[in-house]
Amino acid sequence: MDAHFKIHPAIGVARVGDSEDYYLAPETPGGLPLLPDGRPFTPRDFRDAHHALRRQGARFTVFRYAGPDDPGTEVRPGQGGVARIEWQVHLANKKAIWYEFQVLLGEYGYAPDHPLRNAQVTDPAERRAMIIDPGPRRLTGPGQAVDFSRADNPDHYPMTFPPLDLEPWKIDTLGGLRTDALGRLVVLGGDGHSGSSIHPPQILEYANNPGWWDDTADGPVTAVVVFEDGRRQQVEVPAWVLVAPPRFAPQLLNIVTLHDTIFDAFVRNAGLRPDIFAGGLWQRDYVPNFAGEIAPILERVRNYHWVVAIPPHPHDLDLLKLGDPDPRYDGLRQFYLSVIRPPATPNQLLSDTTGLTLMPYLAGDNCLQPGSLTSQCLTVTNTQYFLLEQWALRKFSTGKAAALPPGEALDRASLENCVGGAFSPGIEMTWISRNLRIYSAPYRIKHKQNVTPPLSLGEDFAQGLEPGDVGKYMAQPWQADFNECSTQWVDDRVLWWWPVQRPLFVYIDQGGHLKQVTWVGTDADQSADDYVQFGSDIEMVSGWNKLGFVYNQGTEAEPRFVEVERTLPRPGKAGGGSQ
Amino acid sequence: MSPIQLSQPARKRYQAIRSLPELQAHLQWAVALELSTIPPYLCALYSITDAANVAATLVRSVVIEEMLHMMLASNLLNAVGASPKLSGDFVAKYPTYLPHHAAGGPYIQLQPLSPALALTTFMAIEQPEASPNVPAEGDYYQTIGQFYKAIELGFRHLVAEHGEKWLFDHDTGCQRGDTYFGGGGGHLVVVHDLGSALCALQEITEQGEGAAWPQPPVPGQEPFGGYESYGIRQDGSYGPILGVPWELSHYNKFKQLAGGTVAVPPVYPMQANPDTAQLQGEVRRLSELCDACYGLVLSALEKALGTRDGQVDFFGVAFPVMQFVLPPLAALLMQTSLLPEADPSLGPNAGPSFEPRTQPVAEIVRLAADLLAAPPADRGSDYATLWVATLGPVTAALRQAAAVAGDPAL
């Protein structure tokens, strides 16, 4: 096989910020963001000199693979006969014209009575005009910049932007592109501006608000490698970029990451790992590696209490014992498996045999609408559960986890830092991530070829995805869902959504002493409108960029995650949370 | 005919703890006291037909904390040079009185949960002190809090008399800090000086009777803690609560059951104070199996708390048998009518008698396997199905424990 090129990460994630400045997405799971100049990241870098929240840029790199066994090497201009890399990205936001988000309805196709957003606009041309589509942008060499803005339209693309009278924020850009000296691309997202064309602006619900737009987006990332001899080679395996809300606790991971979810879909439906699942059967002789496949799940459990009011003690798992293959610890492993909710029973909050609360104590894909698709509590994926079952049977290996080739490590890290559930709708991507028809290969979104304006009002997975087709399901505007997805009543209990992506309770450092307080809102009355959230969603539209980040001031062995860089005053006495 | 005596009976006087053997004796009583509360609470818990019920959650949280208290008392005892005994006279035989209580205390019986049981027995066990300034009482105490106060004064006295180092140099090295997995608050403290000893004692008394406040504290007035456990909040909902002793105390939890704030759910019609000796046939052997498993747990715990490397005994035997063997066996007994022809939904039914039997683990496994192989024929197919569904996993868990204990039965 000839040499070929791939862009990594397969799915890169940029995040909005109200600062012109940016940092780069972490390139390890639970890693800190990176600074473009290579300095080590400090808590002060979450914001710029004016305390505005820095955007997260998604950095893409072209890798060259000499053959199927080649771990891959980064392609750099000036090396190996490569003159430069030309990058092209096309961002769009199609939320305003897609179906309303109603929990899981639509995952297996939309019903004929499923409402569209802004359904009162019926003229197709008018609807197309509601797509935010600045068109593609191209950079042809290192050190260049271009924006997806009304003002920066070098190719005179027939751009569509929302009306100019949006309140409280106008949308003039979806972000921009930068190239660095090493030929890598950085995709930047929007400013976090959301606004309504209906005055005064009101937010009526968590996911579907008529007349609203936000400046998140997504789209294809492609590249051409230009050689010194003038040859041009299209990178065969292109990438995709998602623009999502900020990550306020970048060092913590959700119990189910987006990588887990997509991996599970490919394992169960596409034969990605026949050693785990083949011919419809779970392979019971599969031996997971404790450090690589089990411990990461348990570590996420250990760290949840830094961002939500869960009892730290029972979550303080003893990894030395749990990873010790001595049979004396089998009972302990089986105990922990017994408190993990099996994926087949997402509506079971407590075990009906032991009465113990099943984990995770987090809301599921659908706790909002009764019906056949009800799924009240989050579960680990089937593949995660299988791995945990094997572990509880003492079928696991010890020793170091296998290292991934560098490109795959970037693919994985990018997705590990995203939410893999619950999808109601989620943060970066929703349940469409479980649909294999959107992919051309594992983790690779299938690109629609020859996209010409105007972008489509519909979709055709067989042809591939257009700009905006991954994110169009998400909440409109994202801040509404981000505010409300704090707590969820299920039966007589209050479950949490994604504490890692949307913190609920954080610790503040008061003279060396840690105090647990709400991230947003009050904590006295669990039924109150402002219980651990803003009393109204529209406050989040202007308040998200003032919230604090959760940063590990301790070490990996003895973590101490505290809130830093908050610019929103806490109501009541200084630093006072109260019950 | 002897004349009627009008003299006052001699009143038992408080004898302050003045010597190390006295302190050790009191701590051994403390271990026995904590242990004696566990079977009646477990009986009440296992009697609830829906294990996921709110009342079950409340009772379970208390039982798990009593186990923590027993572990804390054991650490205190090991810290001053003796290891706890969980055998012989230190294990209560039910019905019984609270060990060393001045007036006998509540008459403790093994019964299914009821508001009356919560009121007359459980709240009485966890009775708070009448005021914060009640005197210490050692042997013949009125409240458990006063008993622990005597122990606290004993620690303070011995430290003042002989020094901290002298006292805690007696440490047996058998303390455990890794055996508490409960979802409630509290910490398993390893005791190495007066400060940690007082901390361990405070964990026990605060979670038990709680602070002697008659009412909930005013919001914002309670001492601040982290959100260390879940329970019924002051807003009436279930969720994270601050570490407020009033809300978390066992006394207050049982008060909610006694007063109807938390409804008592349907329970199995278990006969009070089950007695293995009064049973016949397979049911008797089933009850013997349950007693043997209880005995196995106690002997494994005694070893785990009396040896420096108690890992196998605790993690390999005691923990899995407590977790995967005793609860299903108790539930099966409680669904077994005393008369084969009676309707088990009406009872009266058998129940765990908590009479520890000492039996080699290989024999216990064999007994379980024999029972599994021969479900009773005279109780209908539903019962036989329940029998097999219960004893299958129980036998497997016992086999695993036997193998870990180096006693691969069969």
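Those protein sequences? They're chains V and G, same order as listed.
Note that the first sequence ends on residue 579 in our numbering; no numbers are left out.
Note that the second sequence ends on residue 989 in our numbering; no numbers are left out.
Heads up, the beta-carbon is just placed ideally off N, CA and C, and yes, glycines get one too.
Within its own chain, the residues whose Cβ lies closer than 6 Å to the Cβ of V:F549, once the five positions on either side in sequence are excluded, are F46, F248, V564, E565, listed in chain order. For G:M849, the three-state secondary structure derived from DSSP is strand. Just so you know, the alpha carbons of G:A963 and G:L905 end up roughly 19 Å apart. With distances taken between CA atoms, V:P296 lies nearest to V:T257 out of V:T257, V:V121, V:S542, V:R55. Among the residues facing chain V, G:D757 is included, as its CB has a counterpart in that chain under 8 Å away. Put simply, the segment 516-529 of chain V does not touch the segment 136-153 of chain V. Fewer than three CB pairs are less than 8 Å apart.
Given a length threshold of 3 residues, each whole run of the beta strand (DSSP E) inside the segment 409-479 of chain V is given here in chain order: 439-441. With respect to the C-alpha of G:G889, the residue from G:F933, G:S808, G:T758, G:T969 having the closest C-alpha is G:T758. Per DSSP, V:L495 is one residue of the beta strand (DSSP E) stretching across 493-496. Sixteen is the threshold: since fewer than 16 other Cβ atoms of the shown chains lie within 10 Å of the Cβ of G:R887, the residue is exposed. In this structure, V:V494 keeps its C-beta atom at 8 Å or more from the C-beta atom of V:V506.
Taking the C-beta atoms as reference points, V:V224 is found no nearer than 8 Å to V:R59. Residues of chain V whose Cβ lies closer than 7 Å to the Cβ of G:S808 are, in chain order, P311.
In this chain, the alpha helix (DSSP H) harbouring G:A611 covers 599-626. Around the beta carbon of V:E126, fewer than 16 other beta carbons lie within 10 angstroms, which makes this residue exposed. With contacts defined as CB atoms closer than 8 Å, G:V642 and G:L624 qualify as a contacting pair.
Rounded to the nearest angstrom, the Cβ distance from V:W391 to V:P288 is 6 Å, consistent with a contact under 8 Å. Sequence-distant Cβ neighbours of G:N852 in its own chain, meaning closer than 7 Å and more than five residues away, are Y673, P674, Q688, L689. Here G:I811 is not near G:C872, since their CB atoms are 8 Å or more apart. Counting only Cβ-Cβ distances below 8 Å, V:D318 has contacts in chain G at D757, in chain order.
For V:T222, DSSP records a beta bridge to V:Q88.
Counting along the chain, V:H8 sits inside the beta strand (DSSP E) bounded by residues 4-8. Take G:C753, set aside five residues on each side of it, and the residues of its chain with a beta-carbon closer than 8 Å to its own are N657, S662, L884, G885, T886, R887, G889, in chain order.
For G:C753, no beta strand (DSSP E) run applies, since DSSP gives it neither H nor E. Under a 10 Å Cβ-count criterion, G:G765 is classified as buried, with 16 or more other Cβ atoms of the shown protein chains found around its own Cβ.
Taking a C-beta distance under 8 Å as the contact criterion, G:E705 and G:F833 qualify as a contact pair.
Within the segment 633-661 of chain G, the residues whose Cβ lies closer than 8 Å to any Cβ of chain V are, in chain order, V633, A635, T636, R639. Counted as a single uninterrupted DSSP element, the alpha helix (DSSP H) harbouring G:V967 occupies residues 959-983.
Taking 8 Å as the CB threshold, G:D814 lines the interface with chain V. Of G:W608, G:L977, G:P935, the smallest CA-CA separation from V:D330 is found for G:L977. DSSP, read as helix, strand or coil, puts V:M159 in coil. The residue from G:S640, G:L677, G:Y620 with its alpha-carbon nearest to that of G:L612 is G:L677. From the beta-carbon of G:V891, the residues of chain V found nearer than 8 Å are R328. Taking 8 Å as the upper bound for CB-CB distance, V:F101 and V:N208 are in contact here, some 6 Å apart. Burial state of G:S878 is buried, judged by a 10 Å Cβ sphere holding 16 or more other Cβ atoms. Setting aside the 5 residues that flank it on each side, V:Q526 is surrounded in the same chain by V494, each with a C-beta closer than 6 Å to its C-beta; the list follows chain order.
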